[in-house]
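One structure is given here, and the rest of the page talks about it.
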Amino acid sequence: MQSSQKSLNTARKSIIITLKKVSISKHTNQKTSLNEIIYVACNIFHWKLVKNIKINIEAPEKYPLHCDQNLLIQCFSNLILNVLSYAFLGRDEERNIDILLSKTIKNEEAFYQVVFKDNSIGISKDNIDKIFDPFHTSNRQIGAGLGLSIVYNAMKFSLHGDISVQSQLGEGTRFTLDIPIKGR
Ligand SMILES: Nc1ncnc2c1ncn2[C@@H]1O[C@H](COP(=O)(O)OP(=O)(O)O)[C@@H](O)[C@H]1O
Ligand SMILES: [Mg+2]
């Protein structure tokens, strides 16, 4: 293997280890609410909404939470940024992001569930298996492929929740995030 390729691989490995350490390191927990976190994340990109994307938030009640709010804001802003960057390339029809908040129980533990979906071009079967991998990107000019791997590590190892994705080419993409109600 060429020495430049070797050092690139070493650098990649060390970035992955650092990402994992960052996501499991101690974060400061604050009293907040899921509603507030979603609201802040959506408004970071207010100026980009001239792209004619409508964000609909369905939150039937207030969902109080004790967690690292910056980490969660970062997770949702990554999802929104991806929609702005990739989802509607070359599409003229109505562009929507729907964010639905609810509660759910899994294995006797209570979670807030956020369904985050767009009605976009969707993600191919080949791509979908890799989207949480570090450095996986469909456009090196836009991104480094780290956004969703950061979200995945934060959700799994820092917030002790879960994230999954489903997509249908030409129809859209849906991320489901489960956040433990009882912070840890
Ligand atoms: N909502 C979406 N619609 C279509 N493709 C998406 C969406 N979200 C993520 N992707 C795909 O997943 C890849 C990985 O995303 P990410 O980890 O954030 O890296 P980056 O944004 O740097 O490309 C993107 O390059 C894109 O191909
Ligand atoms: Mg991204």
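In numbering that gives the first Met the number 0, the protein residues as written are 0 to 183.
Virtual Cβ for every residue (Gly too), placed ideally from N, Cα, C.
In three-state terms, what does DSSP make of residue i?
i: Lys146; result: First, the residue type needs correcting, since residue 146 is Gly and not Lys in the sequence shown. Three-state DSSP puts Gly146 in a helix.
i: Asn95; result: strand
i: Ser84; result: helix
i: Asn152; result: helix
i: Ile54; result: strand
i: Lys61; result: coil
i: Asp132; result: coil
i: Ile104; result: strand
i: Thr27; result: coil
i: Gly169; result: coil
Just to confirm the assignment, what range does the beta strand (DSSP E) spanning residue i have?
i: Ile37; result: Premise fails: Ile37 lies in the alpha helix (DSSP H), 33-43, not in any beta strand (DSSP E).
i: Ile184; result: Past the boundaries of the shown model lies residue 184; the chain is included only from 0 to 183, so the question cannot be answered.
Just checking residue i against ligand 2 - is the residue's beta carbon closer than 7 Å to any of the ligand's heavy atoms?
i: Gly121; result: no
i: Asn77; result: yes
i: Leu80; result: yes
i: Gly146; result: yes
What first and last residue would you give for the alpha helix (DSSP H) that runs through residue i?
i: Asp125; result: 124-127
Among all the DSSP beta bridges, which residues are the ones paired with residue i?
i: Gln140; result: Looking at the DSSP assignment, Gln140 forms no beta bridge with any residue, so it has no partner.
i: Asp177; result: Gln112, Asp161
i: Ser119; result: Partner(s): none; Ser119 has no beta bridge.
Just to check, is the beta-carbon of residue i closer than 7 Å to a non-hydrogen atom of ligand 1?
i: Ala109; result: no
i: Gln143; result: The question names Gln, but residue 143 is Ala in the sequence shown. Yes; taking the cut-off as 7 Å, the Cβ of Ala143 has a heavy atom of ligand 1 nearer than that.
i: Ile36; result: no
i: Ala86; result: yes
i: Asn118; result: no
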